[in-house]
Amino acid sequence: MRKRKIPMRMCVGCRESKPKKELIRVVRSPEGEIHIDKRGKAPGRGAYICYSTDCLEKAMKHKSLERALNTKIDPQVFDTLKSELMDQHEL
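Just so you know, the working numbering puts 822 at position 66 of the sequence shown, and the rest follows in order with no gaps.
#1: Count the CB pairs spanning the segment 820 to 833 and the segment 776 to 793 that are closer than 8 Å, and state whether there are at least three.
#2: Pull up the CB-CB distance for residue 838 and residue 769, whole angstroms please, since I reckon it's below 8 Å.
#3: Just verifying my parser: in three-state terms, what is the DSSP assignment at residue 823?
#4: Per DSSP, what kind of secondary structure is residue 803 in: helix, strand or coil?
#5: Under 6 Å Cβ to Cβ from residue 762, same chain only, skipping five residues before and after it: list those, please.
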């Protein structure tokens with residue numbers, strides 16, 4: 757019996773590689789909207805981040821999320837992402 761390969765992704769905040777299921781995907785849709793992709797299948801450019809606000813803070817500070825998504829991100833979008841991240845973390 758063959759063992760399934762676990763897809764790994766890198767967090768843009770802490771730069772650690774982790775299994776894809778342990779990370780949240782943040783996506784920039786073709787229309788330019790930035791949001792958390794709960795299913796991991798939304799169309800657009802995606803970046804992965806840990807379920808931690810610390811990683812989001814690091815990504816904001818170093819602008820790594822902006823680089824990964826190839827767009828400038830407004831501060832209110834970061835606030836929305838942080839609140840969504842906290843909601844996701846409670847699940």
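By construction, the Cβ of each residue, glycine as well, lies at the ideal position given by its N, Cα and C atoms.
Result, derived from the coordinates:
#1: yes
#2: About 12 Å separates the two Cβ atoms, so there is no contact after all.
#3: helix
#4: strand
#5: 775
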